[in-house]
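Single-structure report; data block below.
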Amino acid sequence: MNTHSTAEQLSTREIQALDSAHFIHPFTDHGDLATRGARVITRSDGIYIWDSEGEKLLDAMSGLWCVNAGYGRKALAEAAYEQMMTLPFYNSFFQTTNVPAVKLATRLAALAPKVGDRSFEHVFFSSSGSESNDSNVRMVRRYWDLLGQPQRKVIISRHNAYHGSTMAGASLGGMSGMHAQGDLPIPNITHIGQPYFFEDGQPGESADAFGLRAAGWLEDKILEVGPDKVAAFIAEPIQGAGGVIIPPATYWPEIQRIVDKYGILLISDEVICAFGRLGHWFAYERFGYKPDLVTFAKAVTSGYIPLGGVMVGNRVAKVLIEQGGEFNHGYTYSGHPVACAVALANLDIMEAEQLPQRVRGEMGDYFAKRFLALKDHPLVGDAETCGFVAGLVLVKNKQTKQRFNPDDAVGMICRGHCFRNGLIMRAVGDRMIIAPPLTMTHADIDELLRLIHQALDLTQADLHQKGLI
Ligand code: PXG
Numbered sequence: 004m005n006t007h008s009t010a011e012q013l014s015t016r017e018i019q020a021l022d023s024a025h026f027i028h029p030f031t032d033h034g035d036l037a038t039r040g041a042r043v044i045t046r047s048d049g050i051y052i053w054d055s056e057g058e059k060l061l062d063a064m065s066g067l068w069c070v071n072a073g074y075g076r077k078a079l080a081e082a083a084y085e086q087m088m089t090l091p092f093y094n095s096f097f098q099t100t101n102v103p104a105v106k107l108a109t110r111l112a113a114l115a116p117k118v119g120d121r122s123f124e125h126v127f128f129s130s131s132g133s134e135s136n137d138s139n140v141r142m143v144r145r146y147w148d149l150l151g152q153p154q155r156k157v158i159i160s161r162h163n164a165y166h167g168s169t170m171a172g173a174s175l176g177g178m179s180g181m182h183a184q185g186d187l188p189i190p191n192i193t194h195i196g197q198p199y200f201f202e203d204g205q206p207g208e209s210a211d212a213f214g215l216r217a218a219g220w221l222e223d224k225i226l227e228v229g230p231d232k233v234a235a236f237i238a239e240p241i242q243g244a245g246g247v248i249i250p251p252a253t254y255w256p257e258i259q260r261i262v263d264k265y266g267i268l269l270i271s272d273e274v275i276c277a278f279g280r281l282g283h284w285f286a287y288e289r290f291g292y293k294p295d296l297v298t299f300a301k302a303v304t305s306g307y308i309p310l311g312g313v314m315v316g317n318r319v320a321k322v323l324i325e326q327g328g329e330f331n332h333g334y335t336y337s338g339h340p341v342a343c344a345v346a347l348a349n350l351d352i353m354e355a356e357q358l359p360q361r362v363r364g365e366m367g368d369y370f371a372k373r374f375l376a377l378k379d380h381p382l383v384g385d386a387e388t389c390g391f392v393a394g395l396v397l398v399k400n401k402q403t404k405q406r407f408n409p410d411d412a413v414g415m416i417c418r419g420h421c422f423r424n425g426l427i428m429r430a431v432g433d434r435m436i437i438a439p440p441l442t443m444t445h446a447d448i449d450e451l452l453r454l455i456h457q458a459l460d461l462t463q464a465d466l467h468q469k470g471l472i
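Using the working numbering, the first residue of the sequence shown is number 4, and each one after it goes up by one.
What follows is the structure, encoded as structure tokens:
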């Protein structure tokens, strides 16, 4: 078989056979995939993708929380082409730099809002969210070493958080399934509960009261570990991969009070939430807290090319730069000129089309109004949105909020109906989540909601037939 031909020249079955013979996929049961064959995605435009059988799908997950500016952006391809012809690669290790990386760092620093006395003038580049969080661990430890407090090593994170898949990323993350494979977490990383009101709110407790209680778990943990041993707290503004867990309004201000009280660093992992997703360039602005480090990746290039990094706030940057000497850390592709050129072109699009403002304004309101109306569906126990992120929970009994048994795999049943009917929606347990491109029009949102309704109705009929409701 000629494996150098394009996807179009091979049949779907041939691609699937080669796929299962040679390609180890991330987070995939390979035995299972080999029996069913992967869906082959071949092309894209706007908010749609197509598979090798010509089926069109509305991509309500923006690839994987990445393609904020939508598919088919010629300007991004042109930026990559131009940069590849000018300087496709050069490293920034040995007292050299390149123009796109310098411009991008300058621009990101200007975009980061200044909250109080905290501002960002420096950026460290990587190629992914996972690498960036590894860099965070290195920077946090170096920071406390330089300040003469090397005993401050413990980083507190949250259960059900996702911070990547490298050793440090998976350790910072709170996914028990990931910890179970490979002796994780690595030492000096510990976890507290997540602010999931639907699951953990007590009868009669308001969301605001729960938000304060959930933030209090951080203080409990700091006191348990010993305040002089805690280096940092890391959290996603909204937990994305964990199922779109949106904290109550009281949560983040209380977290800020606690990290300030104990002087520990705050890391905002905005790999999903930055670049307009929540209506702002950076999501901490949405919640009004003041991080010291901000992880970014994904939508900085709208996913067109890998790029990640850390916004390094002045508190940390000053110490690393003024007292640090050489920091023995970095990646071959830190400040990759092509990736940075694509990011600059992507930010141009986002600025010209005012994508964050759109999400923050009327379009975001319309999206919220339409999505929240799903609460009326008999299968939906709760629905929530924040910017262009949304999640709903499927329940067995709407009145009592009785959940399905995890073995019922209700989310996967619903996801199957979405997939078969032209919609990409992600299932996380019994939660169905979306993060559509920020370019969605009113008509696109109407179509999205029509498809979600249809999938929910089909799921309901299916569950009824299976005797699960
Ligand atoms: N932090 C956060 C908050 C993320 O969402 C990462 C770090 C890691 O980024 P990289 O680029 O190393 O993958 C992520 C990635 C899902 C899913 O199932 C989400 C992610 C990755 C894979 C799957 O929703 N987020």
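Where is the CB? At the ideal position from N, CA and C, for every residue including glycine. Treat the numbers as computed from the prediction; the structure is a model and nothing was measured.
Under 6 Å from any heavy atom of the ligand PXG, does the C-beta of residue i make it?
i           : result
residue 239 : yes
residue 275 : yes
residue 32  : no
residue 194 : no
residue 244 : yes
residue 165 : yes
residue 344 : no
residue 138 : no
residue 78  : no
residue 65  : no
residue 414 : no
residue 385 : no
residue 306 : no
residue 218 : no
Can you give the Cα-Cα distance for residue i and residue j, rounded to whole angstroms?
i           : j           : result
residue 368 : residue 14  : 43 Å
residue 306 : residue 70  : 5 Å
residue 465 : residue 382 : 12 Å
residue 4   : residue 54  : Its pLDDT being 48, under 50, residue 4 is placed unreliably by the model, and the measurement read from it follows with that caveat. The straight-line gap from Cα to Cα measures roughly 21 Å.
residue 12  : residue 56  : 12 Å
residue 99  : residue 72  : 31 Å
residue 442 : residue 148 : 45 Å
residue 498 : residue 144 : What the structure shows of the chain is the stretch from 4 to 472, and residue 498 is not part of that stretch, so it cannot be assessed.
residue 218 : residue 155 : 21 Å
residue 242 : residue 187 : 20 Å
residue 52  : residue 342 : 23 Å
residue 212 : residue 345 : 44 Å
residue 356 : residue 283 : 13 Å
residue 434 : residue 335 : 38 Å
residue 275 : residue 30  : 18 Å
residue 423 : residue 436 : 17 Å
residue 304 : residue 63  : 18 Å
residue 253 : residue 365 : 25 Å
residue 459 : residue 388 : 18 Å
residue 448 : residue 46  : 21 Å
residue 159 : residue 193 : 5 Å
residue 123 : residue 319 : 10 Å
residue 421 : residue 455 : 7 Å
residue 75  : residue 81  : 11 Å
residue 402 : residue 379 : 12 Å
residue 406 : residue 396 : 9 Å
residue 250 : residue 214 : 7 Å
residue 471 : residue 183 : 30 Å
residue 50  : residue 230 : 47 Å
residue 474 : residue 161 : Past the edges of the chain, shown from 4 to 472, lies residue 474, and the structure says nothing about it.
Please classify residue i as buried or exposed, where buried requires at least 16 other C-beta atoms within 10 Å of its C-beta.
i           : result
residue 209 : exposed
residue 150 : exposed
residue 340 : buried
residue 32  : exposed
residue 444 : exposed
residue 271 : buried
residue 467 : exposed
residue 93  : exposed
residue 261 : buried
residue 353 : buried
residue 325 : exposed
residue 133 : buried
residue 136 : buried
Start-end ranges of the alpha helix (DSSP H) lying completely within the segment 312-349, minimum 4 residues = For the segment 312-349, the continuous alpha helix (DSSP H) assignments of 4+ residues that do not extend past its boundaries occur at 317-326, in sequence order.
Entirely within the segment 207-243 and at least 4 residues each: give me those alpha helix (DSSP H) ranges in chain order.
-> 210-228
Unbroken stretches of the beta strand (DSSP E), 3 residues or longer, contained in the segment 373-432 = As far as the segment 373-432 is concerned, its whole beta strand (DSSP E) runs of at least 3 residues are 383-389, 392-400 and 429-431.
Ordered list of beta strand (DSSP E) runs contained in the segment 35-100, each at least 3 residues | 44-48, 51-54 and 59-62
In chain order, which beta strand (DSSP E) runs of at least 3 residues are fully inside the segment 120-168?
-> 123-129 and 157-161
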